[in-house]
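Scroll down for the structure; my scribbles are underneath it.
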Ligand code: ADP
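Residue numbers (this note's numbering): 1 to 366.
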């Protein structure tokens, strides 16, 4: 059992930089929380405050109801996995994993049992006598994970643990960490700037920007109901596209320079009307997969010219221009469009998002 509670946490570094503002989060037992956001948004600082490696300037941190602010890192019941594996080069894999347990004066027998168990889960059995330099990057990361797991910690903290690995290995380790979490079910907090890791691993995602939480939710909630323009554009590749325009009294969306007009979904219109958002500029957001190529049909949303295409093998990203904005569309076919070719597109009107131009908040969800 381990619940972690962060209440009104702020962090101001000695040089006056405020890295985290009023951070509030209740982490439930066995949850896998992913903190995601661009570099410098305060993810690592938050993680390091939970670990006890960084002082909390104000606010309260509780683990299982016990206030932790002044408790030293080693007494918090936490295991941390870093990006740089931080393995002892002169020790074997076995000794690296045993090190912390010896310090805690566990019996030789208990240490051996724990390491053998974890080695089995992680597929490290045949590597226990090797030294780190004789391991691949992925194997080293697995040892670092194993060392955290044998400690039987209440809470696991991960600081970008996969960012040193090549793309293929990252995908493998991602699946592996998710599987291990399922098996051992420990409460985990995982920091990454990689939105795909966040989407695939998290029970809940915390999206951060400039030290502030932007949104907390399950991957589905974050993806389908982004709280603001930042969350909408940060999560998803190719990124959500945004069109400036106005929703008019007759239920149509008109682009900024009046070149395009189309009817929007009725329930969106009703909400926007209620929110007093008609007849003034706003931002419409659309994800690439909600745009469909719609040849020879009367029933399209708009017609526009192709800018360029990216053929990825399993899909083609097609970019086209609507007034000054570039929108992306993802097609699962290999249609070769010519540059400047006029193409008709059909939008999933029910999947469109509408954001306030000034606050950038989602007008439909808020
Ligand atoms: P992230 O993990 O999201 O990349 P960090 O938590 O590392 O972000 O950093 C958040 C902000 O705090 C950044 O502006 C960074 O420059 C600043 N920062 C991080 N560590 C220190 C430090 N030891 N002293 C002063 N400022 C720091």
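C-beta atoms are modelled at their ideal positions from N, C-alpha and C, and glycine is treated no differently.
| Check | Outcome |
| --- | --- |
| Cut-off 7 Å between Cβ atoms - residues of its own chain near residue 301, not counting five sequence neighbours on either side | 262, 345, 346, 347 |
| Candidates 229, 285, 350, 204, of which the one nearest residue 270 by Cα | 350 |
| Simplified DSSP assignment, three categories, for residue 364 | coil |
| Boundaries of the alpha helix (DSSP H) in which residue 169 is found, first to last residue | 167-184 |
| Residue 39: CB within 7 Å of a non-hydrogen atom of ligand 1 | yes |
| beta-carbon residue 42 near ligand 1 non-hydrogen atom, thresh 7 Å | yes |
| Residue of 279, 31, 94, 321 minimising C-alpha distance to residue 146 | 94 |
| Sub-8 Å separation of residue 357 and residue 283 beta-carbons | yes |
| Between the CA atoms of residue 38 and residue 183 - distance to the nearest angstrom | 30 Å |
| Residue 17 CB to nearest heavy atom of ligand 1 below 7 Å | yes |
| Closest Cα partner of residue 48 within the set 322, 331, 163, 156 | 156 |
| Through-space distance from residue 117 to residue 330, alpha-carbon basis | 45 Å |
| Whole alpha helix (DSSP H) elements within the segment 58-115, 4-residue minimum | 93-103 |
| Inter-residue spacing [alpha-carbon to alpha-carbon] between residue 232 and residue 23 | 21 Å |
| Residue 68 versus 88, 82, 53, 292, residue with shortest Cα-Cα distance | 53 |
| Pairwise C-alpha distance: residue 179 and residue 220 | 20 Å |
| Any non-hydrogen atom of ligand 1 within 7 Å of residue 343 CB | no |
| heavy atom of ligand 1 below 7 Å from residue 45 C-beta | yes |
| Cβ-heavy atom distance, residue 223 to ligand 1, below 7 Å | no |
| Test item: CB-CB of residue 127 and residue 141 under 8 Å | no |
| Three-way DSSP call (helix, strand, coil) for residue 15 in this model | coil |
| Residue 293 - containing alpha helix (DSSP H), residue span | No alpha helix (DSSP H) holds residue 293; the beta strand (DSSP E) holding it covers 291-293. |
| Integer Cβ distance of residue 174 from residue 31, believed to fall under 8 Å | Rounded, the Cβ-Cβ distance is 17 Å, inconsistent with contact. |
| For residue 153 and residue 79, believed in contact at Cβ under 8 Å, the rounded distance | 4 Å |
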